[in-house]
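Enquirer: Under numbering that gives the first Met the number 0, the sequence shown has 134 at position 135, and the numbering climbs by one with no breaks.
Here a beta-carbon is modelled for each residue, glycine too, at the ideal position from N, C-alpha and C.
Predicted model, so just to flag it, every value in this text is computed and none were measured.
The structure's right below; bear with me while I get my questions together.
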Amino acid sequence: MLATIATSVAALPTINNNWCADVVETLTIDTTPPTIVPGKNYTLCVDNDNVRWNQRAADNSTWAIFNGTDFFKLAADSTAPGGWSCQTKTSGPENPSEMPYRMTTVDPGTAVNKTGLSIDSLKNVTDYWHFRQGQPPNIPNENMHWLIAPSIPNEKKQAMIATDCVQRSGMDRKGALQHGVRDFSKNYKYAFSQPILPAGIKCTPMAPPAVETAGSQNEEFFGSRAVYGV
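See below:
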């Protein structure tokens, strides 16, 4: 999707961090022809100010809702009350540095890579870039890109519409370049929307995970950090 070119230091935009969008995740490897691996597709709403979020799969098969204190995990089930099976837990506040809140956070030291891009129907998009030093092959080097839409009237903050994590493919990290792209540009809204639980559902307590690992908050609902960079 993107190549890293000469960069310039510039003030970073103020990114909108309370939003909703249809998100498409795709891994593309620069082979001939390109190898395209579809990822997760979902509608995501994130409220960084109040640390809450919700996600609904594009095929409407699953729904995850965190309202700031309680988490609900739903799956479509015509035999269940209200048409959904439901598990819930009271977890208290989530870590705002973990998923999905960090999806719109750029690295310190990020610089302008390219301006004037056209992404879907948007024009004058700016590509911001930062190199992440790894320890190949176990931890690959990454060129991380954040694509930011231009300012629009009546909005004080700018929308992040895509991210692209560029790294070498293969177990030895010596293969063709791969792009882990997370596209937020479809049906983007500059405000968070809190859903209402479906009427008539019955929720049962959620069993705790067998192992809690650092940085694992909500990871199951999103494409791998190793591929998409965030």
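Drop a sphere of 10 angstroms on the beta-carbon of P99, count the other beta-carbons inside from all chains shown, and report buried for 16 or more, exposed for fewer.
Expert: By the neighbour-count rule (16 or more Cβ atoms within 10 Å), P99 is buried.
Enquirer: If you measure between the beta carbons of Q86 and C202, is that distance less than 8 Å?
Expert: Yes; because the gap between Cβ atoms is below 8 Å, this pair is in contact.
Enquirer: From M159 to I147, what does the alpha carbon distance come to, in whole angstroms?
Expert: Rounded to the nearest angstrom, the two C-alpha atoms are 4 Å apart.
Enquirer: To test your reading of the DSSP string, which unbroken beta strand (DSSP E) runs of 3 or more residues are found completely within the segment 5-91?
Expert: Entirely contained in the segment 5-91, the beta strand (DSSP E) runs reaching 3 residues are, in chain order, 17-28, 34-46, 51-56, 61-65, 69-75, 83-89.
Enquirer: Taking DSSP's pairing of strands, which residues face F130 in a bridge?
Expert: In DSSP, F130 forms a bridge with N142.
Enquirer: What does a CB cutoff of less than 6 Å around Y227 pick up in its chain, not counting 5 residues either side in sequence?
Expert: Contacts found: C164, G179, R181.
Enquirer: From I200, N217, A206, A225, pick the residue whose C-alpha is nearest to that of A79; which is it?
Expert: Considering only alpha carbons, the answer is I200.
Enquirer: Go ahead and label M170 buried or exposed: buried means 16 or more other beta carbons lie within 10 angstroms of its beta carbon, across all protein chains shown.
Expert: Answer is exposed; the Cβ neighbour count stays below 16.
Enquirer: Return helix, strand or coil for Y227, following the three-state DSSP convention.
Expert: Correct three-state label for Y227: helix.
Enquirer: Using the beta-carbon count (16 or more within 10 Å), is S184 buried or exposed?
Expert: Flag for S184 reads buried.
Enquirer: Counting only runs of 3+ residues fully inside the segment 153-224, write out the beta strand (DSSP E) ranges in chain order.
Expert: Taking only runs of at least 3 residues, the beta strand (DSSP E) segments lying wholly in the segment 153-224 are 159-167, 176-188, 202-204.
Enquirer: Please name the residue, chosen from R51, A74, K88, that lies closest to A206 on a Cα-to-Cα basis.
Expert: Closest by alpha carbon: K88.
Enquirer: Report buried or exposed for G115, applying the criterion of at least 16 other Cβ atoms within 10 angstroms of its Cβ.
Expert: Exposed: under 16 other Cβ atoms inside 10 Å.
Enquirer: For I239, which residues does DSSP report across the bridge?
Expert: Only positions 0 to 229 of the chain appear in the structure, and residue 239 is not among them; the question remains open.
Enquirer: Answer with buried or exposed for G108, where buried requires no fewer than 16 other C-beta atoms within 10 angstroms of its C-beta.
Expert: Per the 10 Å Cβ criterion, exposed.
Enquirer: Identify every residue that forms a DSSP beta bridge with A110.
Expert: A110 is bridged to W128.
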